[in-house]
Amino acid sequence: MNTLASLLLERPLLLDGGMGTQILARKPTVDDFGGLQLDGCMEIFNERRPEWIRNIHAAYFDAGADAVETNTFGANDVVLGEFAIAHRTEEINLLAARLAKDVARSYDRTRFVVGSVGPGTKLITLGHIDPDSLFESYRAQVRGLLLGGADSILIETCQDLGQVKTTVRAARAAMADTKIQRPLWVQVTVEATGTLLLGTEIFAALTAIEMLGVDALGLNCGTGPDEMYAPLATLAEASPFLLSCLPNAGMPVNESGNLIYPQTPEIFAEKVAAAAKTFGLNIVGGCCGTTPAHIRALAQRMANVGLTRRTPSMERSVSSLYQGVTLRQEPRPLIVGERTNANGSKAFRDALAKDDFDALVGIAKDQQREASHMLDVCVAYVGRDEVRDMDEFLKRLVTQCTLPLMIDSTEPAVIERALKLAPGKCVVNSINFEDGEGRARQILDLCRTYGAAVVALTIDEQGMAQTLEQKLVVAQRLVDLVIGEYKFNPSDLIIDPLTFTLGSGDEAYRRSAIATLDAIREIKARHPGVLTMLGVSNVSFGLKPAVRHVVNALMLYHGVQAGLDLAIFNSGKVIPVARIPEDQRRATEDLLFDRRSEGYDPLKVLLEIFGNGKVADMTASSLEAMDPSARLRQDILDGEKQRVLGDVDEALKFHDPLHLINEVLLGAMKEVGERFGAGTMQLPFVLESAETMKAAISRIEPLLPKESSTSKGRIVLATVKGDVHDIGKNLVDIILSNNGYEVANLGIKQPVEAIMAAVDQAPTLAVGLSGLLVKSTAIMRENLISMAEKGYTLPVILGGAALTRDFVEQECRPLYKGPVRYAEDAFEGLRILDASRSGDLAELEVPVQASKITVLRRGEASVPLTPEGRSSWVKRSDTIPEPPFWGVKEVAHGPEDLFEFLDTFVVIRNRWSFTQGQLSDADFDQVIKGKAEPLLASWKQRLLAEPLLRPRARYGYFPVQAAGDVLKVFAPDRSQILSEFVLPRQAAGRRLCIADYFEPVGSSRFDVMGLQLVTLGRETAEHAAKLYAANQYSDYFSFHGLATELTEAYAELIHSQIRRELGIHQRDAKQLRQLFSQGYQGSRYSFGYPACPDLEGNVPILELLQGAELDVEITEGFQMVPEYTTSALVTWHPQARYFAV
Amino acid sequence: MVDTDLVKVHFILDDLLVQAPQGTPLQEIADHAGADITFGCRSGSCGTCRVRVTSGLEDCSPAEAEERDFLASLEAPADHRLACQVCANGDLEIEYLGL
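Residue numbers (the working numbering), protein chains in the order written: chain A, 1 to 1141; chain B, 10001 to 10099.
This is how it looks when you write it as C-alpha cells:
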C-alpha cells in the first residue's frame, strides 16, 4: 500500500508552493541555463543546477510540506522541443523525480514527491497540436517521473479539457509501460472569469473528468483563494474524488512593471485553511507567488484541520467544451438534435458532399439555437472517408458549439477519432449485439478509455427486437454487460428500444409503437438508473412532412409519459401537444395504439385530414418563451428576416404599432449602431439587421394611424456630379431609413441644381453628399459655394472615400453658413442627424487643431530630369519584348476563370468589411470561418449556376514612343499616330511619369504598350440594382463588393496573359497573394488612380480597343459604364511600379 | 492642454524630414509633406504603401491583426510595414519600397 494513500485517509496533505519564482530569485544567467539555446528552460536546472532545486525542495520540506512537486512543469516533448531537447524528456523527468526523492529521503518523517505535469504551450482543442503527438509527449514525461520514483502524478494547471483527457490517457499508458501504478491527480485552473481558459464551466470539467476515474481533482493557479470558493463549492458538492486546492497568493497587481502577488503568508494561510475546513479539502498548497514562508504559515494553520467527510452526489450529465448538461432534464426529455446527421438531413448530406464543413457547423448552431440539449453527429456517407470527415467536422464544431455531442457511428475507428477530439463527456451511439458481443466490447472499451456514456440498441443476433419480450431480453443482456461487467454507472447506459414506422401500413408493425412504449416503462422499472432514448421520427417514416410533425409530436408525448429520458428529434419541430387539433390527435393516437375497427383505419383518416397539406407551422423554441416585443428586438439584433414577420404580427396583438416602431425597433437599431461603433458587430451583420428592420417596418406601416408620422425628418442624399459610385451613399440610405429618417435618395451624378430642387420639394432636415473620386471632393466644395449663394443654411453632411476630416473642417466649413460635417461612416452620419434634431450638434464638435506637421527639410529632387525631360531614375532596357500580335483581340471567360484570380482577402476584409474591430482573435476567426467564408462560397456557387456575370475583355498591343510626358500610340504598321496619352509627372522625388517606361521618340526602336479593357457586363450591374431596389441590403452589399473584386480579378487575369504573351512571366510570384501586390514584372496603370488620376485617359483606351464592341460606354465624367468595368495601360518595364503624382 | 512631444520622420527616397506630434499616423505625415509614398486602399489590404523602417521600428505603433496577416502572407521581412497602418511614436527613417 502506498503510504501516501494512507496519509490521505488520516488528514489533509500539505503540498509545497511556487517553484518558478524560487528559481528565478537565483537570477539564472545564460551560462546557468547552459547556453542561449536553453535560455528559459527551467527543467534543465535539474541537471545543470541540481543544488538549487534540492535547496528549494528542502526549504519547502523544512517549512512543513508533506510533499514537494518535481521541477518538471514543462518537461514534456512539446515544451522541451522548443529548446531542441525533446529527445531528453524521459531522462529529465527521471532526473527531477530522483532528485526530489533524494531530498525527501533525507528527512526522518516520510515525505513524498509529486510528479508535476504542466499544461504545455499548445492547446489541443484549438488545433495547435494533434491528439497523438500530445499523447506521446506526456507519455514520455510520466514514464520518466514514475521511473524516477514519484509517489503520485499531478496533471496540473489544466486549461483545456482536451489536454486533460489526453494527458490522463498518456499517464495510464506510461503506468502500463513501466508497470508502476501511482495515484493520478488532476488540477484545473479556473480563471477570474469563473471558467477555464477556453470557457469551460467547472461543472463541465467535473463531468468530463469524473469519467476518467482519477484519484484527486482540484484547482490550482489562476486566482487567489477567495476566487476559488465558488468552484470549490461545486466540486465539494459533486466530485467523488479527493479535493485539492493550490491557489496563488492572491490576484496579482502590477507594481511598476512587476507582477506582485499581494497575500502575505498569514493571510494566504488563513484563507486556505478556512477553505480546507469549509470544503473538506484533502490536498492543500500554493501556486504562483507562494514561498516557503507561505507554506510554513499554512502548515501551522493546517495543524488543527482534520478531514471533513463529504457526501458528494453528482447529477449524471454529459458535457461539451463549455457546459455540462444533465441527462435527466426537467421537464423530460433531453432533446438530441438530429440534423447534424448525414442520414437524417439532406442539407447536411449535401454540404458534406461538397466538403463544406463550415456549413455543417452552421446546421449544428441552428439546432443549438432551437434549444437542442445535445447533438447527434453522424458523418457516415457511402464512398467517403468517415474518419477524415469526423475529424474535419469536430475540429471546427467543438469550439463553435456549446452542446455536448452524441457520436453516431458503428465504426470503432470513427468513434475513437471523435472521442479524441471532443473535449467533453460524449455519448457514443451505439452498440448492439447484431454480430455478437465482439464489436460491442470494442466500443465499450473506447467509452471507458475516453470517458463516454453509451447508447445501446435492442438488437441481437436474431435482429431488431420487435416485441416487448424480445426488447426486454436484449435490454437485460445489455445491462449485464455494460453495468455488470464494464461497471458503467447505470445512467451512462442509455437503452433505445427501437421505433418502427407506422406510416407504411405494414401489418407486422401495427403494434410496434405499443411495444416500444411498454418497453420504455418496463426498462425503467426493472433497471433503476438506466436511461432510455428513442429516435422518435422513425415512427412516421414515409409519411408527408405535415403528418409526420403531428405523429412525431404525439409519439414523443406518449414516450415521455412512459418515462422516456432522451429523444432524438428535430428540436425546431416540437409541436406543443395542446395545439394539435382534436381530430388529428384522436386519429394519431388511434394509429399509435392500433385502435381500429371495421371501416376505420386511423392512418387513412390522418392522410385525409392532411390531404390538402395545410398545417400551421407550429414550432416551439426558447424564443417562444420571450415576450413578443423582446423577441422582435432579438430578431433585429440577429438579423432574422425570416422570423421577424411572424413576430411582428404577434407583437401587434399586445402593443400599439407606434410603440413597436419607436421603442422596440428603433431601440434595437440603436443598439446595432452602438455595437458597430464599438467594433463588436460588423457591417455585413448590420445590413442583415437593417434588412430585417425594413421588413418589420413594411409590415407595420399600413397599420399606422393616417395622421401619425414616425419619420424623424427628411434627408436628401446624392452622389455628386461626375461620380457614378453608388454603394457608399446607398449604405447611408439603408442606415438612415432604418433608423427612422425619410431619405430622398437622388442617385448618382447629381448636379447641385437637382439637389437644391429636391430640398425645395419638401421640408428637409439635412443634405448628405457622397462621392468616391478625388475630383468629387472638389465638387462638394463647389456645391457648398452654390448652396451658400442661394441662401441655404440646412446642415450638409459629407462623406466618401477620398474625403478627409481635415479637408471638410478646413476647406469646406468656412464656405457655408449652416453646419457642415464630415461623416466617416453611415453611423456617424446618423449620430450627426440625431444630434442635429435634438439641438446637440455643437456637442459633437471636435476642436479643430491646427496641423502641427511641419516640413523641416525638403531634399533636392533626388534625380534630375534627362534632356528629353524624362526621369533619370528609369533606365532604358536593351531588349524590348515582342508581342505575339499587334492590334486588338477579344476574349470571353467564365466565372470560374475569374475565381482563380480573386483576391479573397480583399473581398472579405475590405469589400465586405469583415474587420476584427474589438473582437478577440477567436471570435474574429469564428466570424471569418462561420460567416464570411461560407458567404463567399455560396456566392461563387450562385455565380456558377446563374447567368449574373458575362465576363468579356478586349486587349491588345500597340507600338509606342514617348515624347516627354506624352505617349504616342502608333498604328500596328507604324504608318500613323493613332492616339496620344498625356500623362502627369511627379513634381518632386523621382520625378516619375508613366511615359518614362517607354522608348523615347528619336529612338530607332518602337516600344510595346499593352492595353486592356474588362467588363462583367450589364447583367451584373442590373442584378446589383435589382437587389438594392428589393431592399436585399446584405445581398446587395456582398454582391457589389464581390463583383467589384471580380472585375479586378479579371483585370489581373488578362494582365497575366499579357505578361505570358510578352515572355516576361518568369518573374510572376508563385503565390496569388504576392501576385496581387504587384508580384510581377512591369505594371498596370488604370486612369483615376494615383499615377494617372485623370479619368480622361479612358477615352483613348476605349477608342483604341473599340470598347463599344463590349457594350462599354463612357460618361461625361469619363467613367465607364456598366459599373463593373475597368481598363488599364500595361508596361513591361522592370522598374515600373505604382507611384503617385 | 499639454503639448504632445514631437517626433521626426525622415523619408529617405526624397530626403524629406518632417516633424509631427507623437502618435500621428504616418499616412497623414506623408500626405501633408508630399512624400513619395503611394497609398492605394489606405486600409491595409493592397500593399502599395509598403515601406521598410530602417530606423525606429520599435517606435512604430504595433501592427494589428489584419496588417500582420497581410505582411505574413507576403512573407515580408520584419522591418516592413504598411505605411497606412503605422503611427509614429518616435523618430523614424522610412524607405519607400515601391514594390
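Idealized CB from N, CA, C, for every residue including glycine.
Ignore the nearest five residues each way along the sequence and tell me which others in residue 864 of chain A's own chain have a CB closer than 7 Å to its CB. Taking the first residue of the first sequence as 1, we reach residue 864 of chain A at position 864. Taken in chain order, the residues that qualify are 872.
With 8 Å as the limit, tell me which residues of the segment 10072-10097 of chain B have their beta carbon closer than that to any beta carbon of chain A; keep them in chain order. Among the residues of the segment 10072-10097 of chain B, those with a Cβ less than 8 Å away from any Cβ of chain A are 10073, 10074, 10075, in the order of the chain.
Where does residue 1191 of chain A sit, in a helix, a strand or coil, going by DSSP? Past the edges of chain A, shown from 1 to 1141, lies residue 1191 of chain A, and the structure says nothing about it.
Distance between residue 710 of chain A and residue 662 of chain A (C-alpha atoms, nearest Å): Along the first sequence, one-based indexing puts residue 662 of chain A at 662. Along the first sequence, one-based indexing puts residue 710 of chain A at 710. For residue 662 of chain A and residue 710 of chain A, the distance between alpha carbons rounds to 7 Å.
Have a look at residue 563 of chain A and residue 522 of chain A and give me their C-alpha separation to the nearest angstrom. Here residue 563 of chain A is taken as the residue at index 563 of the first sequence, counted from 1. Here residue 522 of chain A is taken as the residue at index 522 of the first sequence, counted from 1. Straight across, the Cα-Cα distance linking residue 563 of chain A with residue 522 of chain A is about 9 Å.
Going by other Cβ atoms of all chains shown within 10 Å of its Cβ, with 16 needed for buried, is residue 808 of chain A buried or exposed? Within the first sequence, the letter at position 808 stands for residue 808 of chain A. Buried.
If you reduce the DSSP assignment to three classes, tell me which class residue 596 of chain A lands in. Counted from its first residue, the first sequence places residue 596 of chain A at position 596. In the structure shown, residue 596 of chain A sits in coil (DSSP, three-state: anything other than H, G, I, E or B).
Counting only beta-carbon atoms, is residue 10007 of chain B nearer than 7 Å to chain A? Indexing the second sequence from 1 puts residue 10007 of chain B at position 7. With 7 Å as the cut-off, residue 10007 of chain B does not count as an interface residue toward chain A.
Limits of the alpha helix (DSSP H) - the one that residue 858 of chain A falls within: Here residue 858 of chain A is taken as the residue at index 858 of the first sequence, counted from 1. First-last for residue 858 of chain A: 854-858, but that is the beta strand (DSSP E), not the alpha helix (DSSP H).
Contacting residues, own chain, Cβ-Cβ under 8 Å from residue 74 of chain A (five flanking each side not counted): Position 74 of the first sequence, counted from the start, is the residue given in the question as residue 74 of chain A. Here the set comprises 41, 42, 43, 80, 118, 120, 121.
Would you verify that the beta carbon of residue 854 of chain A is, or is not, closer than 7 Å to some beta carbon of chain B? As a working mapping, residue 854 of chain A is identified with position 854 in the first sequence. Answer yes: the Cβ-Cβ gap between residue 854 of chain A and chain B drops below 7 Å somewhere.
Taking buried to mean at least 16 other C-beta atoms within 10 Å of its own C-beta, is residue 132 of chain A buried or exposed? Along the first sequence, one-based indexing puts residue 132 of chain A at 132. The residue in question, residue 132 of chain A, is exposed, as its Cβ has fewer than 16 Cβ neighbours within 10 Å.
Do we get a CB-CB distance below 7 Å when we pair residue 10023 of chain B with the residues of chain A? Here residue 10023 of chain B corresponds to residue number 23 of the second sequence, with the count starting at 1. No - not a single Cβ of chain A is within 7 Å of the one on residue 10023 of chain B.
Residue 910 of chain A: contacting residues in chain B (beta-carbon distance under 7 Å): The residue labelled residue 910 of chain A in the question sits at position 910 within the first sequence. Neighbours of residue 910 of chain A on chain B, chain order: 10041, 10043, 10045.
Alpha carbon to alpha carbon, how far is residue 170 of chain A from residue 46 of chain A? Give it in angstroms, no decimals. Here the question's residue 46 of chain A lines up with position 46 in the first sequence. Here the question's residue 170 of chain A lines up with position 170 in the first sequence. Those two C-alpha atoms are separated by around 23 Å.
For residue 581 of chain A, count the other beta carbons within 10 Å of its own beta carbon; 16 or more makes it buried, fewer makes it exposed. Which is it? For this step, residue 581 of chain A is matched to residue 581 along the first sequence. Classification of residue 581 of chain A: exposed, given that the 10 Å Cβ count is below 16.
Among A:994, A:976, A:375, A:978, nearest to residue 984 of chain A - alpha-carbon criterion: Position 984 of the first sequence, counted from the start, is the residue given in the question as residue 984 of chain A. Nearest of A:994, A:976, A:375, A:978 to residue 984 of chain A, Cα basis: A:994.
Just checking: is the beta-carbon of residue 10012 of chain B within a distance shorter than 7 Å of some beta-carbon in chain A? Within the second sequence, numbered from 1, the residue matching residue 10012 of chain B stands at position 12. No, no contact with chain A.
For the putative contact between residue 214 of chain A and residue 174 of chain A, defined by C-beta atoms under 8 Å, what is the C-beta separation to the nearest angstrom? As a working mapping, residue 214 of chain A is identified with position 214 in the first sequence. As a working mapping, residue 174 of chain A is identified with position 174 in the first sequence. About 14 Å; that fails the 8 Å criterion.
If you run the structure through DSSP and keep just helix, strand and coil, what is residue 1091 of chain A? Within the first sequence, numbered from 1, the residue matching residue 1091 of chain A stands at position 1091. Looking at residue 1091 of chain A - three-state DSSP - the assignment turns out to be coil, as it is neither helix nor strand.
So, helix, strand or coil for residue 968 of chain A, using DSSP? Numbered from 1 along the first sequence, position 968 holds the residue referred to as residue 968 of chain A. Reduced to three states, the DSSP call for residue 968 of chain A is strand.
Cβ of residue 1074 of chain A within 7 Å of any chain B Cβ: Against the first sequence, residue 1074 of chain A aligns to sequence position 1074. Yes, its Cβ sits closer than 7 Å to a Cβ of chain B.
So with CB distances below 9 Å, who are the chain A contacts of residue 10067 of chain B? For the purposes of this step, residue 10067 of chain B is identified with residue 67 of the second sequence, where counting begins at 1. Simply none; closest approach about 11 Å.
Within the continuous alpha helix (DSSP H) that includes residue 449 of chain A, where are the two ends? Position 449 of the first sequence, counted from the first residue, corresponds to residue 449 of chain A. From DSSP, the alpha helix (DSSP H) with residue 449 of chain A extends over 438-450.
With 16 other Cβ atoms within 10 Å as the buried cut-off, status of residue 254 of chain A: As a position in the first sequence, residue 254 of chain A is number 254, starting the count at 1. Residue 254 of chain A comes out exposed.
What number of angstroms, rounded off, separates the C-alpha of residue 10088 of chain B from the C-alpha of residue 10079 of chain B? Counted from its first residue, the second sequence places residue 10088 of chain B at position 88. Counted from its first residue, the second sequence places residue 10079 of chain B at position 79. Roughly 14 Å separates the two Cα atoms.
When you compare the CB of residue 10048 of chain B with every CB in chain A, is at least one pair closer than 7 Å? Start at 1 with the first residue of the second sequence, and residue 10048 of chain B comes out as number 48. Yes, residue 10048 of chain B counts as interfacial toward chain A.
Under the three-state reduction of DSSP, which class applies to residue 614 of chain A: helix, strand or coil? Locating residue 614 of chain A in the first sequence gives position 614, where the first residue counts as 1. Residue placement at residue 614 of chain A cannot be trusted, given a pLDDT of 38 that sits under 50; what the coordinates show is reported in the next sentence. Here residue 614 of chain A sits in coil by DSSP.
Environment of residue 654 of chain A [buried if 16+ CB atoms lie within 10 Å]: Numbered from 1 along the first sequence, position 654 holds the residue referred to as residue 654 of chain A. Result: exposed.
Just verifying my parser: in three-state terms, what is the DSSP assignment at residue 19 of chain A? Locating residue 19 of chain A in the first sequence gives position 19, counting from the first residue. Coil, per DSSP.
Please list, in chain order, all residues of the same chain as residue 162 of chain A whose beta carbon is under 6 Å from its beta carbon, the five residues on each side excluded. On the first sequence, position 162 is the one that residue 162 of chain A refers to. Excluding positions up to five away in sequence, the list reads 124, 125, 423.
Any idea which residues DSSP pairs residue 558 of chain A with across the strands? Here residue 558 of chain A is taken as the residue at index 558 of the first sequence, counted from 1. BP columns for residue 558 of chain A are empty, so no partner.
Buried or exposed: where does residue 337 of chain A fall if 16 or more other Cβ atoms within 10 Å of its Cβ makes it buried? Indexing the first sequence from 1 puts residue 337 of chain A at position 337. Counting Cβ neighbours within 10 Å, residue 337 of chain A comes out buried, since at least 16 surround it.
Below 7 Å CB to CB, which residues in the same chain sit around residue 1142 of chain A once its five sequence neighbours on both sides are set aside? Summary: the structure shown does not reach residue 1142 of chain A, with chain A confined to residues 1 through 1141, and so no result is reported for it.
Interface flag, residue 1127 of chain A vs chain B, CB-CB below 7 Å: By one-based count along the first sequence, residue 1127 of chain A stands at place 1127. No, because no Cβ of chain B sits closer than 7 Å to the Cβ of residue 1127 of chain A.
Counting along the chain, where does the beta strand (DSSP E) carrying residue 496 of chain A start and finish? One-based indexing of the first sequence puts residue 496 of chain A at position 496. Counting along the chain, the beta strand (DSSP E) containing residue 496 of chain A begins and ends at 493-496.
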